[in-house]
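Asks: First residue of the sequence shown: -9, per our numbering; consecutive thereafter. Every residue, glycine too, gets a C-beta built ideally from N, C-alpha and C. Right, I'll just put the structure down here and ask away after.
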Amino acid sequence: MSPHRSLHLVPLLAAGLLLAACTLGPDYQRPEAPLPAAFKHEQGWRTVPPRSWEASGEWWLAFDDPVLTGLLDQAAAANQTLAQAEARFRAAEARWADARAGYSPVLSASVEGQRRGSDQSRSVVTGSTVRSGRITESYGAGLNLNWMPDLWGRVRRQVEAERAGLQASAADLAAVRLSMRVSLAQSYVRLRALDRQMALLGETMETYDRSLELTRNQYNAGIVARSDVIQARTQAQSLRTELSDLRNQRAAEENAIAVLIGRAPSDFGLAPVDRLPELPVLPATLPAVLISRRPDVVAAERQVASANAGIGVARAAWLPDLTLTASYGVEADRFSDLVNAPVRVWSVGPSLAQTLFDGGARRAANDLALAGYDEQVALYRQTVLESLREVEDALAALRYLDEQGEQQEALLALARDNLRVVTNRYRAGMVTFLEVATAQDLELDARRARVRILADRLNASIALAAALGGGWDLDDPVVQTVVTPPRPWEDDAQ
């Protein structure tokens, strides 16, 4: 093709570039979701000044427990479930980069050589076939450039879909990180509650042993019956049996923490501490907009965006594809002539291809994309509803556990008074040891219930932090909040 004739391709190329600005499919808009103005169970909530941990998202600092903070740091560096999520995030980055490659032309280079032979030829004069051997050789080298302009926005929509998928993967990564932290914190609280329960049993064991010694002395003096001694021994033995069960539960929690921080249970141990983490003071109000910052909500919403872009990809398959090609190369009969005296060849030109019949495959792909979008919208709305339920559950638990804690303190005070009165009556020989044992058990149950309620309040605070997405800063954009570290997801069309 001559240079003059190749100029006729310029209008076609310009038209192709203009068409590349077209994008099929609906532009994305976030679906409506049922977000209330306020939460039902935060009525009557205490008004407190804001805490720094709310803005930073490091909700575990509110528990004021350095051991817990250290364990969470170890888990962030060595948790294997988190490592899997990070690998999935890198895979999503690779898919996004692969989709962006569709904007670029493909340049390829080739070197080839052929040797062909025949064992017969036809005589031009007589027309007879003459057997002979004929071998020909040909060699070539060249560059080929192919580019398919994005006429209908297929690549643009594919990049949009993969970018939304990447953001969803980032949210999934944040969700795994939050879930890991919540699981570890709750296991830690249960372990420390078991430490406190065992300490209570140890203190009570000393009391029961003193009661047993007193009962034996009174039996030897003929004051009480032998049944009182048996009752006292039975009471002490039941406490030792329960202590073994608590140790078993503690070992299980300790093993769970070891796995969460990426260590073998045999190489990990936590010394018992007779202290639970501090109960955090919560903010006065919790805006419902925090729900939209939860990692699982963000992931569900980004999947809707990805499915929406998939509709455009499916619709672009109905329209023709324009491919622009250009090549330049050299040819020769001998390999050495490729450098010394080659024949130079070149070509440039467009091609337009359109699928005329596919048995309904494109229509099915379009229906599949629409159904996938509807499914993701429903999943997004369901995720929001589940998130609202979790927040309300946590708020209700904190509210009523707070009331239960006050009632339990009153019950404990009554149980202690009752134990003091019954013990004095027993020393005076007015009642049997059965009443003493009953009073002691009631006082121990009240003390243990107080520990359980405190542990439940701590776990409810952790659940609230999880339900609100980890206490993210409202001033941060959603994507920057979700991703650690932030990723520059700029406009991919440029």
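Can you tell me whether V263 is helix, strand or coil according to DSSP?
Replies: V263 falls in the coil class under three-state DSSP.
Asks: Could you tell me which uninterrupted alpha helix (DSSP H) segments, each at least 4 residues in length, are contained entirely in the stretch 59 to 138, listed from first to last along the chain?
Replies: Listed in chain order, the complete alpha helix (DSSP H) runs (minimum 4 residues) inside the stretch 59 to 138 are 70 to 90.
Asks: Taking Cβ positions, are L25 and I281 nearer each other than 8 angstroms?
Replies: Yes, the pair counts as a contact, with Cβ atoms nearer than the cut-off.
Asks: Just reading off the alpha helix (DSSP H) that A436 is part of, what are its end residues?
Replies: A436 -> alpha helix (DSSP H) spans 423 to 457.
Asks: Report the three-state DSSP secondary structure of V411 (helix, strand or coil).
Replies: V411: helix per DSSP, three-state reduction.
Asks: Answer with yes or no whether the minimum CB distance from A361 to chain D is below 8 angstroms.
Replies: Protein chains in the displayed structure number just one, and chain D is not present.
Asks: When burial is assigned at 16 or more other CB atoms within 10 Å of the CB, is P310 buried or exposed?
Replies: By the neighbour-count rule (16 or more Cβ atoms within 10 Å), P310 is not buried but exposed.
Asks: Tell me whether the beta-carbon of A485 lies closer than 8 angstroms to the beta-carbon of A165.
Replies: Only positions -9 to 484 of the chain appear in the structure, and residue 485 is not among them; the question remains open.
Asks: To the nearest angstrom, how far is it from the Cα of V303 to the Cα of R334?
Replies: Looking at the two C-alpha atoms, the distance is approximately 40 angstroms.
Asks: Give the DSSP-derived three-state secondary structure of D357 in the structure shown.
Replies: In the structure shown, D357 sits in a helix (DSSP, three-state: H, G or I).
Asks: Inspect the beta-carbon positions of S451 and P270 and report whether they are closer than 8 angstroms.
Replies: In contact: S451 and P270 (Cβ atoms closer than 8 angstroms).
Asks: Would you report the Cα separation of S234 and P255, rounded to the nearest angstrom?
Replies: So the alpha carbons of these two residues sit roughly 20 angstroms apart.
Asks: Output the boundary residues of the alpha helix (DSSP H) element that contains V329.
Replies: Start and end: 327 to 330.
Asks: For the alpha helix (DSSP H) holding P285, just list the boundary residues, first then last.
Replies: P285 -> alpha helix (DSSP H) spans 285 to 306.
Asks: Cα separation between A81 and V294?
Replies: Computed Cα separation, rounded: 20 angstroms.
Asks: In whole angstroms, what is the alpha-carbon distance linking I220 and E244?
Replies: One C-alpha to the other measures close to 36 angstroms.
Asks: I'd like to know whether the C-beta atoms of L250 and L191 end up nearer to each other than 8 angstroms.
Replies: Contact: no.
Asks: Taking the alpha carbon of W336 as the reference point, which residue from R146, L133, L385 has its own alpha carbon closest?
Replies: Residue L133 is the option with its Cα nearest to W336.
Asks: Quick one: complete alpha helix (DSSP H) runs, 4+ long, within the stretch 190 to 269?
Replies: Counting whole runs of 4 or more residues, the stretch 190 to 269 contains the alpha helix (DSSP H) stretches 216 to 250.
Asks: Given a cut-off of 8 angstroms, decide if T59 and Q430 are closer than it, judged by their beta-carbon atoms.
Replies: Cβ distance not < 8 angstroms, so Q430 and T59 don't count as in contact.
Asks: Could you tell me the distance, in whole angstroms, from the CA atom of V421 to the CA atom of D218?
Replies: So the two alpha carbons sit approximately 11 angstroms from each other.
Asks: Reducing DSSP to helix, strand and coil, say where W511 ends up.
Replies: One cannot answer for residue 511 here, as it falls past the ends of the chain, which runs -9 to 484.
Asks: Under a Cβ-count criterion, where at least 16 other Cβ atoms within 10 Å of its own Cβ denotes burial, should F79 be classed as buried or exposed?
Replies: Counting Cβ neighbours within 10 Å, F79 comes out buried, since at least 16 surround it.
Asks: In chain order, what residues of the same chain lie with their CB nearer than 8 angstroms to the CB of D383, ignoring the 5 residues before and after it?
Replies: Answer for D383: A453, A457, listed in chain order.
Asks: Rank A66, E83, S128 by C-alpha distance to the C-alpha of E102 and give the top, closest one.
Replies: Answer by Cα proximity: S128.
Asks: Drop a sphere of 10 angstroms on the beta-carbon of S228, count the other beta-carbons inside from all chains shown, and report buried for 16 or more, exposed for fewer.
Replies: Label assigned to S228: exposed.
Asks: Are the beta-carbon atoms of V412 and E425 separated by less than 8 angstroms?
Replies: Result yes, Cβ atoms of V412 and E425 sit closer than 8 angstroms.
Asks: What is the residue span of the beta strand (DSSP E) that E48 lies within?
Replies: That residue, E48, is in no beta strand (DSSP E); it is neither H nor E in DSSP.
Asks: The beta strand (DSSP E) that contains Y18, what's its start and end?
Replies: Run containing Y18: none; DSSP gives neither H nor E here.
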